[in-house]
Amino acid sequence: MNKKNIEQNAGITVLFLCLGTVALILVVILWDIFTKGAGKISWAFLTQMPKNGMTEGGIFPAIIGTFLVTLMTALFAVPLGMGCAIYLNEYARDNRFTRLIRMSIRNLSGVPSIVYGLFGVVLFVQLMRIGTCILSAGMTLGLMTLPWTITASEEALKNVPQAYRSGALALGATKWQSIRTNVLPYAIPGMLTGTILGLARAAGETAPILFTGAAFFLPFLPESLFDQFMALPYHLYIMATQHHDIEGVRPIAYGTALVLIVLVFSMNLFAIILRYKLRKVRKE
Amino acid sequence: MQKLKERSVNRKTGKSQNGNGEPAGPGAAKGKKMGEIVIRTEGFNFYYGDEIAIKSVTMDIYKNKVTGIIGPSGCGKSTFLRSLNRMNDVIDGTRIEGKVEIDGQDIYAPGVDVVSLRRKVGMVFQKSNPFPKTIFENVAYGLRINGVKDRAYISDKVEASLKGAALWKEVKDRLNDSAFDLSGGQQQRLCIARALAIEPEVILMDEPASALDPTATLKIEELIEELKNDYTIAIVTHNMQQAARISDYTAFFMLGELVEYDETSKMFTNPGKKITEDYITGRFG
Chain A
390 MNKKNIEQNA GITVLFLCLG TVALILVVIL WDIFTKGAGK ISWAFLTQMP KNGMTEGGIF
450 PAIIGTFLVT LMTALFAVPL GMGCAIYLNE YARDNRFTRL IRMSIRNLSG VPSIVYGLFG
510 VVLFVQLMRI GTCILSAGMT LGLMTLPWTI TASEEALKNV PQAYRSGALA LGATKWQSIR
570 TNVLPYAIPG MLTGTILGLA RAAGETAPIL FTGAAFFLPF LPESLFDQFM ALPYHLYIMA
630 TQHHDIEGVR PIAYGTALVL IVLVFSMNLF AIILRYKLRK VRKE
Chain B
8 MQKLKERSVN RKTGKSQNGN GEPAGPGAAK GKKMGEIVIR TEGFNFYYGD EIAIKSVTMD
68 IYKNKVTGII GPSGCGKSTF LRSLNRMNDV IDGTRIEGKV EIDGQDIYAP GVDVVSLRRK
128 VGMVFQKSNP FPKTIFENVA YGLRINGVKD RAYISDKVEA SLKGAALWKE VKDRLNDSAF
188 DLSGGQQQRL CIARALAIEP EVILMDEPAS ALDPTATLKI EELIEELKND YTIAIVTHNM
248 QQAARISDYT AFFMLGELVE YDETSKMFTN PGKKITEDYI TGRFG
């Protein structure tokens, strides 16, 4: 009995230490960025162009660039991913071929982002001659987000009870009617949640936009989808490693990191709130 | 409500009338049958992949009668029921042989419109499956997907269907509440109302009361008695007493075969086969 208790306590302690270590790492990172970045955040920092070889001024073009490229990613990945998921889950027969496709899609989410970046260069920039711009970068990020969108959407569709479908079919609905009126309305919240999480990840990526459209520095804002752009993660990378005065611009790097973290965090928070709210509605 | 009273009288006399009638079985007794045939299956086989689930079933289902389908678990009774409105089509790798005719039309013939077939042959499932919509919208659903736009018509039809399913009194003041707020028995009657709204000819019921308490079950049974005036009903049930109470004809399935099919009174008092008797008296199952 006593030995059992000791074992039990030791087990709990080890598990708690695991959790504690992870939590500690997280806290240290956030603490470091917040304390060093918060001082830099001001209205001017958020709304001004970089000045004097990016040693002064703000990060406005990077914020706008990240916003635009994420929007482009969403426009590309959301319809395509949701459509693909609907087909896979509702129409495709469950055979070896679809299982292979599904497995491939899951595996794609594990492909390193630099591979997507290089693939984007070849496909969009060179083969399709779109050039390095928001469109190319957005579609490259879109490709990277697709596996997330598809997988999350399929999960959401699977969570809609089969009885909603058969109930509609038994009332003389066509398959599409049953999906449109009795499946999608209940799946879309889950689909959106997964998609937003995927987009949040895309917003923070550097490698896929590195060669497909992100610019080191631009003195003006992009005017069309075919312009190059500045982006927060790439800006941070430059400020932290490539700038001629790395020590001098360190506060700007921290400020950029903070803005990026807050952006990604708010997207995730939005997804969580959305899921919570819609789940509550469904239960009622 | 007037109908209900008439019905309960019919219910008692109806059975004794049937008692001295001819056997309703397939084969020899066919032709002597009274009543109009709505559904006729001929040499019907059903396969899940390579596995045969229903073997050569030939059976007639009569208009404005309740036909009970009984048998041990896995005997194919639900599969058979779902074949009658082609709900099995949605399962991959299923196929059929033989014929199922409804009103003389082969429903598995190429070119048959499954959607209009299902409009004609409604279905109530084992587990009540209201949609996560309001009570009103649940009943209106079948009308809306069939393109009905006229609001006055829809609202009349919803009321009539809820009355038809003996639910109107309980829900008339809360039609805009979620269907999930109803009790289990009410939800099942809502599903019946939903099926009634599109005016089917036949209603298939797959153990509609198996998840309900005795009071709710009784209500469903009374409702079935009432409904057979206007509809032809085929009901799968696990509950022998229920089959005896509500059905005019009873079919006994085992291992995918139709073992015996006759008037309920005969099946339960003087079954033609030993195995039927053994099942009905609870010796196995």
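As given, the protein sequences belong to chains A and B, one line each in that order. Residue numbering for the first sequence follows the numbering used here, starting at 390 and increasing by one per position. Residue numbering for the second sequence follows the numbering used here, starting at 8 and increasing by one per position. Even glycine gets a Cβ: it sits at the ideal position worked out from N, Cα and C. None of these values were measured; they are calculated from a predicted model.
Residue 561 of chain A places its beta carbon 7 Å or farther from that of residue 89 of chain B. In this chain, the beta strand (DSSP E) harbouring residue 47 of chain B covers 44-55. Remark: fewer than three beta-carbon pairs, one from each stretch, lie closer than 8 Å, so the stretch 271-290 of chain B and the stretch 108-124 of chain B are not flagged as touching. A distance of 7 Å or more separates the beta carbons of residue 546 of chain A and residue 591 of chain A.
Within chain A, the residues whose beta carbon sits less than 8 Å from that of residue 123 of chain B are 561, listed in sequence order. With three or more CB-CB distances shorter than 8 Å, the stretch 221-239 of chain B counts as touching the stretch 64-79 of chain B. Per DSSP, residue 609 of chain A is not a residue of any beta strand (DSSP E), being assigned neither H nor E.
Rounded to the nearest whole angstrom, the CA to CA distance from residue 667 of chain A to residue 578 of chain A is 6 Å. The C-alpha of residue 513 of chain A is placed about 23 Å away from the C-alpha of residue 495 of chain A. Between the stretch 460-469 of chain A and the stretch 535-543 of chain A, the count of C-beta pairs closer than 8 Å reaches three or more; the two stretches touch. Taking a C-beta distance under 7 Å as the contact criterion, residue 256 of chain B and residue 210 of chain B do not qualify as a contact pair. Neighbours of residue 545 of chain A in chain B, taken as residues at a C-beta separation under 8 Å, are lacking, since the least C-beta distance is about 15 Å. DSSP places residue 275 of chain B inside the alpha helix (DSSP H), whose first and last residues are 271-276. In the pairwise beta carbon analysis, the stretch 417-434 of chain A is classified as touching the stretch 635-653 of chain A: at least three pairs are separated by under 8 Å. Burial of residue 135 of chain B is indicated by the presence of at least 16 other C-beta atoms within 10 angstroms of its C-beta.
Put simply, the CB of residue 482 of chain A is near chain B, with a gap under 7 Å to one of its CB atoms. The three-state reading of DSSP puts residue 554 of chain A in helix, counting H, G and I together. The three-state reading of DSSP puts residue 205 of chain B in coil, since its state is none of H, G, I, E or B.
Our two residues, residue 271 of chain B and residue 286 of chain B, have alpha carbons roughly 14 Å apart in a direct line. Using a Cβ distance threshold of 7 Å, residue 66 of chain B and residue 265 of chain B count as a contacting pair. The shortest C-alpha to C-alpha distance from residue 250 of chain B to any of B/281, B/236, B/217, B/222 is the one to B/217.
Residue pairing for residue 213 of chain B: DSSP places it in a beta bridge opposite B/243. It is roughly 15 Å from the alpha-carbon of residue 191 of chain B to the alpha-carbon of residue 184 of chain B. Under the three-state reduction of DSSP output, residue 446 of chain A falls in the strand class. Counting along the chain, the unbroken beta strand (DSSP E) around residue 260 of chain B starts and ends at 256-261.
The way I'd put it, the stretch 484-504 of chain A doesn't touch the stretch 428-445 of chain A; fewer than three beta-carbon pairs between them come closer than 8 Å.
Residue 651 of chain A and residue 493 of chain A have their C-alpha atoms spaced approximately 33 Å apart.
Below 8 Å, enough C-beta pairs join the stretch 519-532 of chain A and the stretch 445-461 of chain A to call them touching: three or more. For residue 558 of chain A, the chain B residues whose C-beta falls within less than 8 Å of its own C-beta are 94, 97, 125, listed in chain order.
DSSP places residue 105 of chain B in the strand class (E or B) of the three-state scheme.
Across the structure, residue 455 of chain A and residue 647 of chain A are spaced so that their CA atoms are roughly 14 Å apart. Counting along the chain, the unbroken alpha helix (DSSP H) around residue 527 of chain A starts and ends at 523-547. In the three-state scheme derived from DSSP, where H, G and I count as helix and E and B as strand, residue 173 of chain B is classed as coil.
Of the candidates A/613, A/594, A/627, A/614, A/627 places its Cα closest to the Cα of residue 605 of chain A. Judged by DSSP secondary structure, residue 285 of chain B falls within the alpha helix (DSSP H) whose first and last residues are 281-287.
Ranking A/594, A/609, A/619, A/610 by CA distance to the CA of residue 602 of chain A puts A/619 first.
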